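For the sequence shown, the positions run 1235 to 1461 when this note's numbering is used.
The C-beta atom is built at its ideal place from N, Cα and C for all residues, glycine as well.
As the structure is a computational prediction, the values presented were derived from the model and not from experiment.
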Amino acid sequence: MIFRQFCTPDRDISYLLADPVSRYAAVLDPAIGAESDYLETVRRLDLRLIYVVETHLHESHLSAAPALRAETGARLVTHSSVDVDCVDMHVDDGDRLYVGEELLSVVATPGHSSCSLSYLWRDRVFTGHTLLAGETGSCRRSDADAGRLFDSVRERLFALPDETLVYPGRVTDRRRISSIGQEKAANNDLQPQISREQFAKRKQLQAMHSGPWQAGWPANQRCNRPD
Ligand SMILES: [Fe+2]
1235 MIFRQFCTPD RDISYLLADP VSRYAAVLDP AIGAESDYLE TVRRLDLRLI
1285 YVVETHLHES HLSAAPALRA ETGARLVTHS SVDVDCVDMH VDDGDRLYVG
1335 EELLSVVATP GHSSCSLSYL WRDRVFTGHT LLAGETGSCR RSDADAGRLF
1385 DSVRERLFAL PDETLVYPGR VTDRRRISSI GQEKAANNDL QPQISREQFA
1435 KRKQLQAMHS GPWQAGWPAN QRCNRPD
C-alpha cells in the first residue's frame, strides 16, 4: 500500500494513494499551494498520477486540481452534478474507480453540499467535509441540507464496519483521523439519541455563528481562472 496524508497550514487535508505494482496514483482533494508536495511525492516514489479526485467542490479552499491536471495529464474526477469545464470524469453512488489494482468505491454523501461524495478504499473511507473527526461538515452553502447530511452520515457512513478508518478533509481539534466506531460513539454533532430535526437545528445555529463566506467557491467553479 502506498498512502500519504498532507495537511496545509489552513488545516485542509489531502491524500495520495497508489498501486505499488502499476505505480498508478490518485490525489484526493488537493489544496492550492501544496502542488509541489504532491508532485515531489509522485516523482520521489516513481508514480504516475492518473486521477485527481474531489470529494466535493470546495467553498473553503482553492483546489489545486486544475493545476495538477495541467501538469500531469491526470483526469479530474467529481460528482456528476459538478458542471465545471475542467472536469474529465463524473461519478456517482456505486461507481468504482480503479487506480491500477486499487479500487475506490464511490458513496454519495450529500448534505454539506449537494455534490459531496465519500470514497471507500480498503479499510478506510475518505469523507471530505461530510464527516470530520468529532464533528460534521458545515451547512453554510446555499446547496447545503442538514437533513441530508444527517442521513448520509447515519445511513451510509455509520453502516460501515466500526473498524473503518475515517480520513476527513479537514483538521478538527488537531485530529486528522478517526474511525466509524469512534464517531458513532463520540461525534459532538451526532450523539446517539439526537433526532434528524434536532441535528438540523444544531447545524443551522452553527452556520449562523460561523465566519464569513470564503472565496474558494467561485474560483473553483472557474477552474481557478481569473474573472
Ligand atoms: Fe466543503
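For this session: Determine the burial state of S1444: buried for a count of at least 16 other Cβ atoms within 10 Å of its Cβ, exposed for fewer.
Result: Numbered from 1 along the sequence shown, position 210 holds the residue referred to as residue 1444. Exposed, since its Cβ has fewer than 16 Cβ neighbours within 10 Å.
Exercise. Within the present structure, is the beta-carbon of H1313 separated from the nearest heavy atom of ligand 1 by less than 6 Å?
Worked result: On the sequence shown, residue 1313 is found 79 positions in, with the first residue counted as 1. Checking every heavy atom of ligand 1 against the Cβ of H1313, none is found closer than 6 Å.
Exercise. If you run the structure through DSSP and keep just helix, strand and coil, what is L1291?
Worked result: By one-based count along the sequence shown, residue 1291 stands at place 57. Three-state DSSP puts L1291 in coil, outside helix and strand.
For this session: For H1292, verify whether its CB is less than 6 Å away from any heavy atom of ligand 1.
Result: The count along the sequence shown starts at 1 and reaches residue 1292 at position 58. Distances from the CB of H1292 to the heavy atoms of ligand 1 include at least one below 6 Å.
Problem set entry | For L1283 and T1275, the rounded distance between their alpha carbons | Against the sequence shown, residue 1275 aligns to sequence position 41. Against the sequence shown, residue 1283 aligns to sequence position 49. The C-alpha of L1283 is placed about 10 Å away from the C-alpha of T1275.
For this session: Provide the residue(s) that pair with Y1401 in DSSP beta bridges, ordered along the chain.
Result: Stepping through the sequence shown from its first residue, residue 1401 is reached at position 167. Y1401 is bridged to F1360.
For this session: Please work out which residues of its chain come closer than 8 Å, Cβ to Cβ, to I1247, disregarding the five sequence neighbours upstream and downstream, and give them in chain order.
Result: Walking along the sequence shown from the start, residue 1247 turns up at place 13. Excluding residues within five positions, the ones whose Cβ falls inside 8 Å are Q1239, F1240, C1241, D1263, Y1401, P1402, G1403, R1404, V1405, R1410.
Exercise. Can you tell me where the beta strand (DSSP E) with L1383 in it begins and where it stops?
Worked result: Position 149 of the sequence shown, counted from the start, is the residue given in the question as residue 1383. Looking at the DSSP string, L1383 is not in any beta strand (DSSP E); the run it does join, the alpha helix (DSSP H), is 1380-1385.
Exercise. CA-CA distance, Q1427 and F1384?
Worked result: The count along the sequence shown starts at 1 and reaches residue 1427 at position 193. The count along the sequence shown starts at 1 and reaches residue 1384 at position 150. Looking at the two C-alpha atoms, the distance is approximately 13 Å.
For this session: Could you tell me if D1280 is buried or exposed, where buried requires 16 or more neighbouring beta carbons within 10 angstroms of its beta carbon?
Result: Here residue 1280 is taken as the residue at index 46 of the sequence shown, counted from 1. Around the C-beta of D1280, fewer than 16 other C-beta atoms lie within 10 Å, and the residue is accordingly described as exposed.
Exercise. Based on the DSSP secondary-structure assignment, which residues constitute the bridge partners of E1336?
Worked result: Here residue 1336 is taken as the residue at index 102 of the sequence shown, counted from 1. DSSP, once it has assigned bridges, lists V1333 as partnering E1336.
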